[in-house]
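So in this note's numbering, the last one in the sequence shown is 893, and the numbering has no gaps at all. For reference, the structure is listed below as structure tokens.
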Amino acid sequence: MSKHQYDESLKWFLQCLENYNEFESSNTQNILYVHIHANIAESYEKTDNICDAIRYYEQSLTNFEKAQQDGWRIVKYVNSNDAEETKETEEKSLTDLFSILENFKELYSGEHPHVPSVLRDIGKAFFNDKKYKDALKYYNQSLEMCTKFQSFEHLDAAACLTDISSIYQIEGDYLKALDYAAESYNVLSKILSSKHPKIKSILEHIIHLCNETGESVKASLYSAKLRLSCEKEITSDDFDSDGIRKKMFYLYYKQEKYQEALNIVSSKIAIFEDQQSQTILGQIHLKLGQYEQAAFHSRNALTLSSNDSNIVICNTQLGHAYLLQHDKTNALMCYEKCVEILRRDTSDEDELANVLINMGAIYLDQSSYNDSLLHYSEALKIKKKTDPSNNTLVGAITSCIGKSLFKQHNYDEALVHFIEAFEILKQSEDSIELATIHEFIG
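Pasting the structure below:
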């Protein structure tokens with residue numbers, strides 16, 4: 452996707468979030484809320500707004516964990532007889548229905564739990580005869596009785612609301628139709644599974660009305676609910692919380708917020724045992740000066756590495772950790788493994804030069820001046836080709852070659868390299884190395 456597409460996606464999800472609280476709680480609401488935050492975060496991440504990405508990933512994870520504590524609200528199918536066949540399938544005439552209603556009134560003074568269903572059937576009969584004013588009268592009476600006897604969360608109430616919505620739709624009052632359809636959905640979502648056919652049907656009806664009224668944001672939100680209703684049953688497993696934790700870990704690392712990255716790891720250590728995570732953990736501990744932990748994670752990453760590129764990265768990192776612990780023997784062993792691979796694959800000469808510089812420094816410190824000279828000389832040759840404008844680095848390597856020659860008592864050659872290094876470093880204003888050269892030249 453292009454940046455423009457991500458921006459448009461972000462705008463859409465932010466609108467969803469802004470309008471989210473307009474809707475009643477339903478069995479899909481919690482997971483939708485979590486996913487909206489995660490999608491906003493991903494859009495920010497793709498457009499390099501790292502701080503906002505972290506903020507929304509964190510909110511998504513917080514909402515997910517809260518939902519887990521509260522328990523995901525999964526409503527199972529009601530009994531199939533209640534869901535699909537709440538009444539006899541044989542249609543009754545209006546005369547029969549009014550007769551039944553009168554019997555209830557005489558026997559129970561109208562106070563019987565079946566009265567709402569009869570009133571709803573009367574309304575339906577008028578609806579089928581296109582007598583919408585009469586239909587509305589009996590649908591509303593049915594709703595009143597539902598509230599009185601069965602609470603409003605009942606299939607009869609939902610059916611009345613849906614039919615009332617259809618009447619207003621026929622009459623061209625789409626806003627009223629949308630209100631009643633949304634109310635019907637809210638009732639159904641509390642008593643039926645999100646996968647029930649009635650849920651899918653009312654959502655399709657709502658989306659159509661949203662399109663008619665130009666309610667594009669609501670249409671998008673209900674479309675998302677419809678997609679979820681067509682998928683497998685929603686559970687907490689449908690949200691990749693571990694993936695979100697990893698994204699937050701990598702983003703904190705990119706921002707050099709190392710302690711925050713480590714805090715994410717400590718919340719669920721097991722998911723960070725892959726090669727990439729272990730490599731990054733090694734780098735983080737190096738940055739924090741925690742060299743034993745850096746070596747531990749780098750060794751773990753090395754055992755998980757299966758290609759030369761990763762092996763070089765891990766050995767280089769492990770070499771740095773050993774070197775900073777003053778274990779130069781193990782550091783050299785790691786660097787030598789890197790050199791062996793990098794000489795074979797000449798695609799990354801610059802990295803080869805970096806490793807050679809580290810080895811040259813160790814050999815110089817160990818008074819192995821010939822080895823030091825060989826490694827520094829090869830590194831200089833590469834850097835002059837790959838990074839010639841880096842005066843500080845080229846000058847420093849040249850100076851180190853001079854030191855190796857000086858220690859070998861090859862003073863003339865050493866002087867040539869010191870003077871060359873001096874001229875290069877004058878341009879970079881590296882006062883420390885310039886002072887060192889002055890000391891050697893005397």
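Glycine included, each C-beta is placed from N, C-alpha and C at the ideal position.
Minimum length 4: unbroken alpha helix (DSSP H) runs contained in the region 625-698 | The region 625-698 contains these whole alpha helix (DSSP H) runs: 625-642, 648-664 and 667-681.
In whole angstroms, what is the alpha-carbon distance linking Glu-802 and Ser-718?
-> Just so you know, the alpha carbons of Glu-802 and Ser-718 end up roughly 35 Å apart.
First and last residue of the alpha helix (DSSP H) that includes Thr-730?
-> Following the DSSP letters along the chain, one finds Thr-730 inside the alpha helix (DSSP H) bounded by residues 726-738.
Under a three-way DSSP split, which group does Gly-623 fall into?
-> In the structure shown, Gly-623 sits in coil (DSSP, three-state: anything other than H, G, I, E or B).
Counting along the chain, where does the alpha helix (DSSP H) carrying Gln-710 start and finish?
-> From DSSP, the alpha helix (DSSP H) with Gln-710 extends over 709-718.
Backbone CA spacing between Lys-858 and Ser-494 [nearest angstrom] = So the alpha carbons of these two residues sit roughly 58 Å apart.
CA-CA distance, Ser-644 and Gln-729?
-> Cα-Cα distance, rounded: 42 Å.
Which of helix, strand or coil does DSSP assign to Ser-476?
-> Bear in mind that the predicted position of Ser-476 carries a pLDDT of just 48, short of 50, making it too unreliable to give a figure here.
Where does the unbroken alpha helix (DSSP H) through Pro-567 begin, and where does it stop?
-> In the DSSP assignment, Pro-567 falls within the unbroken alpha helix (DSSP H) covering 566-579.
Hey, Ala-632 and Ile-657: beta-carbon distance below 9 Å or not?
-> In contact: Ala-632 and Ile-657 (Cβ atoms closer than 9 Å).
Residue from Asp-759, Asn-781 and Asp-822 with nearest C-alpha to Leu-769 | Selection Asp-759, Asn-781 and Asp-822 evaluated against Leu-769 yields Asn-781 as nearest (Cα-Cα).
Check each candidate in Ala-609, Gln-878 and His-777 and name the one with the smallest Cα separation from Asn-591.
-> Proximity to Asn-591 across Ala-609, Gln-878 and His-777 peaks at Ala-609, based on C-alpha coordinates.
Going by beta carbon distance, what residues of the same chain come within less than 6 Å of His-748, once the five residues before and after it are set aside?
-> Excluding sequence positions up to five before and after His-748, its CB lies within less than 6 Å of the CB of Gln-729, Leu-732 and Gly-733, all in the same chain and listed in chain order.
Figure out for me which residue from Asp-458, Asp-725 and Phe-577 has the closest Cα to the Cα of Ile-618.
-> Check the Cα spacing between Ile-618 and each of Asp-458, Asp-725 and Phe-577: the tightest is with Phe-577.
Start and end residues, alpha helix (DSSP H) containing Ser-819 = The continuous stretches of alpha helix (DSSP H) do not include Ser-819, and DSSP gives it neither H nor E.
Between the region 741-756 and the region 702-721, do three or more beta carbon pairs fall short of 8 Å?
-> Flag = no, the region 741-756 and the region 702-721 do not touch.
Length of the line joining the Cα atoms of Lys-854 and Ser-798 | Looking at the two C-alpha atoms, the distance is approximately 30 Å.
With respect to the alpha helix (DSSP H) encompassing Ser-757, which residues constitute its N-terminal and C-terminal limits?
-> Taken as a continuous stretch (DSSP letters only), Ser-757 belongs to no alpha helix (DSSP H), as it is neither H nor E.
The alpha helix (DSSP H) spanning Ala-847 covers which residue range?
-> From DSSP, the alpha helix (DSSP H) with Ala-847 extends over 842-858.
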